[in-house]
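Visitor: The sequence shown begins at 2 in the working numbering and counts up by one. Positions of the beta carbon are idealized from the N, C-alpha and C atoms, including for glycine. Being a predicted model, the structure only gives us computed values, none of them experimental. Have a look at this one.
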Amino acid sequence: MSLKLMYITNRPEVAVIAEQYGVDRIFVDMEYIGKADRQKGNDSLINYHTLEDVKTIRAAVKKAGFLVRINPIHDPLEDYPGSEEEIEAVIEAGADIVMLPYFKTLEEVKRFLKAVDGRKRTSLLLETKEAADILDDILRIDGIDEIHIGLNDLSMSMGKTFLFEVLTDGTVEKLCRKLKAAGMVYGFGGVARPGHGIVPAEMIVREHYRLGSSMV
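If you want it as structure tokens, here you go:
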């Protein structure tokens, strides 16, 4: 089994190079609502990609899959549309896969799936303690194509002090066992370049294979 590789960028020239060298998915990251506050002081990268970036990358990508991470479920804001309008816009702009981040309830998942309405593949980013606690119920819902476990927010949500603690304490392994038993496509976290990272990338890749992950 090989890992599907995802690469986050809003630069079309970078997306083209990544695609040429075998990256399986190009990833545009529109999530920003609430992210700076919850990750304050955590030295995390926050992207501010836009709908125009979605259109630009869609035009550049020819072979790789194209995933767009939207914002968490939300009602319309003063300067930003609600989830339904946001989802409609990224579908019209050409996303192949729409990813919902930072959900905590079944109602949020159902609202997301209803808005997508089977028109594109759906990906859930499981990154809260609340979502982990209801995974069994989530897996009973039709219309979910894959689930990715987000290590950074999940670690913070569970009160951990180190990003990879949820890997070493069995949390991710427990979630992966449930996902595998349900026949769900799944992956977790990200990976640095070989020889780099807080934990060497080679060790993280080994964990992906050990736990049956199919994407990173």
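Excluding five sequence neighbours on each side, which residues of the same chain lie with their C-beta closer than 6 Å to the C-beta of L101?
Guide: Translated into the one-based positions of the sequence shown, residue 101 becomes position 100. Once the five neighbours on either side are set aside, the close Cβ partners of L101 are F113 and L125.
Visitor: Give me whichever residues DSSP pairs with D30 in a beta bridge.
Guide: One-based indexing of the sequence shown puts residue 30 at position 29. Its beta-bridge partners are R70.
Visitor: How far does the beta strand (DSSP E) with V186 in it extend, from its first residue to its last?
Guide: Counting from one through the sequence shown, the residue named residue 186 turns up at place 185. Counting along the chain, the beta strand (DSSP E) containing V186 begins and ends at V186 to F189.
Visitor: In terms of residue numbering, what span does the alpha helix (DSSP H) encompassing V167 cover?
Guide: Locating residue 167 in the sequence shown gives position 166, counting from the first residue. Unbroken alpha helix (DSSP H) run through V167: E166 to T169.
Visitor: Do the CB positions of G196 and L152 come within less than 8 Å of each other?
Guide: The count along the sequence shown starts at 1 and reaches residue 196 at position 195. The count along the sequence shown starts at 1 and reaches residue 152 at position 151. No. Outside cutoff.
Visitor: Looking at C-alpha atoms only, which residue of I47, L4 and V206 is the closest neighbour of V29?
Guide: By 1-based counting over the sequence shown, the position of residue 29 is 28. Nearest C-alpha to V29: I47.
Visitor: Quick one: give me the first and last residue of the beta strand (DSSP E) that V99 is part of.
Guide: Along the sequence shown, one-based indexing puts residue 99 at 98. I98 to L101 is the extent of the beta strand (DSSP E) around V99.
Visitor: Going by the DSSP bridge assignment, what does H149 pair with across the sheet?
Guide: Looking up residue 149 in the sequence shown gives position 148. Per DSSP, L126 and G188.
Visitor: For K175, count neighbouring C-beta atoms within 10 Å of its own C-beta (all shown protein chains included) and say buried if the count is 16 or more, exposed if not.
Guide: Residue 175 sits at position 174 when you count from the first residue of the sequence shown. By the 10 Å Cβ count, K175 comes out exposed.
Visitor: Answer with buried or exposed for D134, where buried requires no fewer than 16 other C-beta atoms within 10 angstroms of its C-beta.
Guide: Here residue 134 refers to the residue found at position 133 when the sequence shown is read from its first residue. Per the 10 Å Cβ criterion, exposed.
Visitor: M157 to V173, Cα distance in whole Å?
Guide: The residue labelled residue 157 in the question sits at position 156 within the sequence shown. The residue labelled residue 173 in the question sits at position 172 within the sequence shown. If I take the Cα positions, the gap works out to 14 Å.
Visitor: Can you check whether the CB of K63 is closer than 8 Å to the CB of E20?
Guide: For the purposes of this step, residue 20 is taken as residue 19 along the sequence shown, with counting starting at 1. For the purposes of this step, residue 63 is taken as residue 62 along the sequence shown, with counting starting at 1. Contact flag set, yes.
Visitor: In whole angstroms, what separates the C-alpha of M204 from that of S84?
Guide: Here residue 204 refers to the residue found at position 203 of the sequence shown. Here residue 84 refers to the residue found at position 83 of the sequence shown. Going by the C-alpha atoms only, they are around 37 Å apart.
Visitor: Are T129 and D154 touching if we call contact CB-CB under 8 Å?
Guide: On the sequence shown, residue 129 is found 128 positions in, with the first residue counted as 1. On the sequence shown, residue 154 is found 153 positions in, with the first residue counted as 1. The answer is yes: Cβ separation under 8 Å.
Visitor: Counting only beta-carbon atoms, is G23 nearer than 8 Å to chain B?
Guide: As a matter of chain content, chain B is missing from the structure shown, which is built from one protein chain.
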